[in-house]
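From first to last, the protein sequence lines stand for chains F and L.
Residue 1 is where the first sequence starts when you use the numbering used here, and the numbers rise one by one after that.
Residue 1001 is where the second sequence starts when you use the numbering used here, and the numbers rise one by one after that.
For each residue, glycine too, the CB sits at the ideal point set by N, CA and C.
2 protein chains.
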Amino acid sequence: MDESPLTAVLRPVRSGNAFEETVERLLRAVKLGLVVEKLPPERELAARLGISRVTLREAIRALAEAGYLEVRRGRYGGAFVTYAPPPPRQGDLRRAVADMGTGHLADALTFRTAVECGAAQVLATAEPAGEWRETLRRRLAEVNSAGPDDYRRLDTAFHLSIAELTGSPLLAAACADARLRVTDLLNAIPVLQRNIEHAAAQHEAIVAAILAGDPDAARRAVTEHLEGTAALLRGFLA
Amino acid sequence: MDESPLTAVLRPVRSGNAFEETVERLLRAVKLGLVVEKLPPERELAARLGISRVTLREAIRALAEAGYLEVRRGRYGGAFVTYAPPPPRQGDLRRAVADMGTGHLADALTFRTAVECGAAQVLATAEPAGEWRETLRRRLAEVNSAGPDDYRRLDTAFHLSIAELTGSPLLAAACADARLRVTDLLNAIPVLQRNIEHAAAQHEAIVAAILAGDPDAARRAVTEHLEGTAALLRGFLA
DNA sequence: TCTCATTGGGCTAGTGTCAGACCATTGATG
DNA sequence: CATCAATGGTCTGACACTAGCCCAATGAGA
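Structure follows, in structure tokens:
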């Protein structure tokens, strides 16, 4: 165990290759279902991602060749999503875990617990002003009324909304990052009706605690929920 | 308020210029007192930061010209820190806040609260195995026995230790990032003996809750502590 | 059927960054 | 005093990335 705070500061400055990083981002946005129909125009997307259009186009081309996107020219054209999450098969999870390495798995789960609990706690102590309470209720209703097909997508939206609604872009980015790191794992386990119902009750508890302004209860509810997911993962790995 | 989770995913891929980012990192490592005597050798440091030696050298040269470092050649040479935190003056804080913008200030404080609370909570539920309990106690003792000169440095080390000891590099990096974002602000307010004593009691409470394995108490203790800092900032701004 | 705003496709010149090799300097040590 | 390991200083060729520009295709609407 490294105990020096220096290592956390003198860590890599850049995530690496801009092209690969872009591919990763776009792929995960697609797999998360955050991009349903088509990507924003290249010029706008490049600006949002802080890269040049050339680099973005390379990434899009790679994803098109891999079958995730279909690019059409002309007005009303764009990069259309051609991807439906395949039904998870036996062995997918082990492969996903092997891809990321067990050390990183624990890291990602710990990180996710910390930032999502932090976000829920912050939101629970936020001023009730604004419309965030309505938004939160709406997202909860959406995920709770979702069928197995839409479930992952709306579940993601719900979780990320909690962070977004705190109004802190940094926190939202951290939660998005945490979620992205476990996406492949979640996609590799089947969505069972039983689990959906179980999760729905926990989502209710989270929202109730946040709306009641009880940060401790919110923290516990999120912890319990994420612990359930982690247990599910461990179960499929056992 | 932006409610779409997409914005958190389609955010900039790279923090920007590698050179500027490196300057920022090194400068903050110095200001935090994490680098006391001299920087690691260029070759090692470049590897750690994931950049080329050329880029690193440009950053070091910039900091040397700004008076933060003094570079000496030959064996036993290196980039030596020549910087003592100047006593804060009236107006420094306002300037620091103006530099970062008030929106970013709220963002940074929220982010810091979330991740540090998350880290404390995680550590409170961690297995008591290993030596992390001893390390935590040691860091607490160090910061509590610190004089005004060493206080900021050891306080930083204490806070970052909590995240480090969770064993999650991602979480440690997030906490380090959060701390870095408020460093300039903290350095701009004077260190009063009263505040040190007040903070010491809160540090004790945080450690006690963590060692007792009580995540709720740990969360509350960290919240209270950080809220105290935020209040101090607001006080100096009023 | 024609127009044209919007979008992807492609090019170029210039800059940032890298990897690796080699040189220059220093000072502890024999 | 001579050695030499460790460290900063410098150079070069290559590649990644960018900004900006113009072209090509498309299809909704006049």
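In chain order, 198, 199, 202 place their CB closer than 8 Å to the CB of residue 228 of chain F, counting only its own chain and leaving out the 5 sequence neighbours on each side. A direct Cα-to-Cα measurement between residue 102 of chain F and residue 1207 of chain L gives close to 29 Å. Neighbourhood of residue 1162 of chain L in chain F, by CB distance below 7 Å: empty, with the nearest CB roughly 10 Å away.
Under the Cβ distance rule, residue 1022 of chain L counts among the residues neighbouring chain F, one pair being separated by less than 7 Å. Within the DSSP secondary-structure output, residue 72 of chain F pairs in a beta bridge with F/78. Residue burial annotation: residue 1168 of chain L is buried, with at least 16 other C-beta atoms found within 10 angstroms of its C-beta. The C-beta separation of residue 1014 of chain L from residue 47 of chain F comes to about 13 Å, leaving the pair out of contact by the 8 Å criterion.
Considering only beta carbons, the part of the segment 1099 to 1114 of chain L lying closer than 8 Å to chain F consists of 1106, 1107, 1108, 1110, 1111, 1113, 1114, in chain order.
For residue 51 of chain F, a Cβ of chain L is located within less than 7 Å of the residue's own Cβ.
For a cut-off of 8 Å, the C-beta gap from residue 1042 of chain L to residue 1057 of chain L is around 6 Å, short enough to register as a contact. Selection L/1124, L/1044, L/1049 evaluated against residue 1212 of chain L yields L/1124 as nearest (Cα-Cα).
The segment 148 to 166 of chain F and the segment 1080 to 1098 of chain L do not touch, with fewer than 3 CB-CB distances between them shorter than 8 Å.
Contact annotation: residue 107 of chain F and residue 1170 of chain L have beta-carbon atoms nearer than 7 Å. Under a criterion of Cβ atoms nearer than 7 Å, the residues of chain L adjacent to residue 122 of chain F are, in order, 1110, 1113, 1114. Taking a Cβ-Cβ threshold of 7 Å, the residues of chain F close to residue 1169 of chain L are 107, in chain order.
With fewer than 16 other CB atoms across the displayed protein chains lying within 10 angstroms of its CB, residue 237 of chain F is exposed. Bridge partners of residue 38 of chain F according to DSSP: F/80. For residue 163 of chain F, the CB contacts under 6 Å within the same chain, skipping 5 residues up- and downstream, are 119, 171, 172, 175 in chain order.
Annotated three-state conformation of residue 214 of chain F is coil, per DSSP. The count of Cβ pairs closer than 8 Å, one atom from the segment 1176 to 1195 of chain L and one from the segment 1075 to 1082 of chain L, stays below three, leaving the stretches out of contact. At least 7 Å separates the CB of residue 1128 of chain L from every CB of chain F. With contacts defined by Cβ atoms closer than 7 Å, residue 63 of chain F and residue 1005 of chain L do not form a contacting pair. Around the beta carbon of residue 204 of chain F, fewer than 16 other beta carbons lie within 10 angstroms, which makes this residue exposed. Chain F has a Cβ within less than 7 Å of the Cβ of residue 1013 of chain L. Residue 1143 of chain L and residue 128 of chain F have their C-alpha atoms spaced approximately 37 Å apart. Nearest CB-CB separation between residue 173 of chain F and chain L: below the 7 Å threshold. Within the segment 1208 to 1238 of chain L, those residues whose Cβ lies closer than 8 Å to any Cβ of chain F are, in chain order, 1215, 1216, 1219, 1220, 1223. If you ignore the 5 residues before and after residue 1146 of chain L, its C-beta comes within less than 7 Å of the C-beta of 1154, all in its own chain and listed in chain order. Assignment of residue 51 of chain F by DSSP, reduced to helix, strand and coil, places it in the coil class. Its Cα nearest to that of residue 181 of chain F, the residue F/100 stands out among F/100, F/233, F/217.
Judged by beta-carbon spacing, residue 28 of chain F lies beyond the 7 Å limit of residue 156 of chain F, meaning their Cβ atoms are not closer than that value. By the C-beta density criterion, residue 215 of chain F is buried, having at least 16 other C-beta atoms within 10 angstroms. Under the three-state reduction of DSSP output, residue 187 of chain F falls in the helix class. The DSSP-derived three-state label of residue 17 of chain F is coil.
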